[in-house]
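These notes concern the structure reproduced below.
Residue numbers (my numbering): 4 to 91.
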């Protein structure tokens with residue numbers, strides 16, 4: 004089988020690429036869920052009034068860092084997956 008760049012793939016290579024694609028798709032879906040859960044948790048944390056201002060700020064910053072980390076990983080996987088789709 005030939006891709007758009009004149010590269011030939013055998014059946015085993017295609018299966019390997021498909022498996023990698025499926026794994027990345029599953030990871031992307033999982034990251035989406037984690038990001039949404041963090042957004043909800045972040046919103047709840049912002050609403051809490053029982054904590055001191057410093058505790059809330061610290062919790063907010065930690066959640067922001069985790070959210071950005073997950074979002075960056077998600078975007079990297081998504082762009083890599085998109086590149087692979089164009090090759091197939």
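From the three backbone atoms N, C-alpha and C, an ideal C-beta is built for every residue, glycine too.
query: Just tell me which of 49, 87 and 37 has its CA closest to the CA of residue 72.; result: 37
query: Quick check on this structure: which residue in 29, 21 and 66 has the alpha carbon closest to the alpha carbon of residue 43?; result: 66
query: Take residue 83 as the anchor and find which of 60, 28 and 69 has the nearest alpha-carbon.; result: 28
query: So, are the CB atoms of residue 34 and residue 76 less than 8 Å apart?; result: yes
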